[in-house]
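Residue numbering for the sequence shown is 1 to 148, as defined by full-length UniProt numbering.
For glycine and all other residues, C-beta sits at the position ideal for the given N, C-alpha and C.
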Amino acid sequence: DLYSFGNNETGQLGRDATFSTWLQPCQIPCFKQQHILNIWAGGHGFFVLTHNHLYSCGANSFGQLGHSLKQPIYLPLEIKDFPLVDKIIQIACGLQHTLILDSMGYVYGLGRSDDGRLGNNHINDVIIPKQIDKLINIVDIAAIGLRQ
Numbered sequence: 001d002l003y004s005f006g007n008n009e010t011g012q013l014g015r016d017a018t019f020s021t022w023l024q025p026c027q028i029p030c031f032k033q034q035h036i037l038n039i040w041a042g043g044h045g046f047f048v049l050t051h052n053h054l055y056s057c058g059a060n061s062f063g064q065l066g067h068s069l070k071q072p073i074y075l076p077l078e079i080k081d082f083p084l085v086d087k088i089i090q091i092a093c094g095l096q097h098t099l100i101l102d103s104m105g106y107v108y109g110l111g112r113s114d115d116g117r118l119g120n121n122h123i124n125d126v127i128i129p130k131q132i133d134k135l136i137n138i139v140d141i142a143a144i145g146l147r148q
């Protein structure tokens, strides 16, 4: 079981929009009796379940959650359009973008791209995870704040 509490203004707690703040731990209903392998969070969050199922929720103004829309997602939603072929090792949640590292050392980026933070040589937002071609054999990633 998974619990969350705190600020939920953009759905980052994986709970409905009933309250913008949860003052005590409450169970995230969609993950009842699910086996969660890992969690990465900030203004938005990612959850990896068994069999590499990837879910996300929270702030999504630039498509950083990996769904084909740009609006907050309050309840975790599975990312269906992901070209991943291997196991997810790490996810880095920047303020308006996300990086995903797989076990083969490939990195995928999504979200805001106008200042080069996704390393994909263009300025258009990426709303479905896209592999960053020049990054291979990577062992660790970070996405800190607004521009890194």
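| field | Per DSSP, cross-strand counterpart(s) of A41 | value | Here the question's residue 41 lines up with position 41 in the sequence shown. Per DSSP, G45.
| Hey, would you say D102 sits closer than 8 angstroms to I89, going by beta carbons? | By one-based count along the sequence shown, residue 102 stands at place 102. By one-based count along the sequence shown, residue 89 stands at place 89. D102 places its beta carbon less than 8 angstroms from that of I89.
| In the structure shown, what three-state DSSP assignment does P72 receive? | Working through the sequence shown from its first residue, we reach residue 72 at position 72. Three-state DSSP puts P72 in coil, outside helix and strand.
| query | Going by DSSP, what residues sit across from Y3 in a beta bridge? | reply | The residue you call residue 3 lines up with position 3 of the sequence shown. Paired residue(s): Q27.
| Over what stretch of residues does the beta strand (DSSP E) that includes G58 continue unbroken? | Taking the sequence shown and counting its residues from 1, one reaches residue 58 at position 58. Element bounds for G58: 53-58.
| How about the segment 2-17 and the segment 41-53: do they share at least three Cβ pairs that are nearer than 8 angstroms? | yes
| What is the C-beta distance between I79 and H67, in whole angstroms, given that I count them as a contact (C-beta under 8 angstroms)? | Residue numbering aside, residue 79 sits at position 79 when the sequence shown is read from its first letter. Residue numbering aside, residue 67 sits at position 67 when the sequence shown is read from its first letter. Confirmed, Cβ separation roughly 7 angstroms.
| What's the C-alpha gap between P72 and F62? | Sequence index remark: in the sequence shown, residue 72 carries index 72 (1-based). Sequence index remark: in the sequence shown, residue 62 carries index 62 (1-based). If I take the Cα positions, the gap works out to 10 angstroms.
| query | Thinking C-beta only, is N121 closer than 8 angstroms to G109? | reply | To locate residue 109, count along the sequence shown from 1; it is residue 109. To locate residue 121, count along the sequence shown from 1; it is residue 121. It is not a contact, given that the beta carbons lie outside the stated cut-off.
| request: Report, in whole angstroms, the separation of the C-beta atoms of L135 and V107, which I expect to be a contact under 8 angstroms. | output: Numbered from its first residue, the sequence shown carries residue 135 at position 135. Numbered from its first residue, the sequence shown carries residue 107 at position 107. L135 to V107, Cβ: 4 angstroms. Contact.
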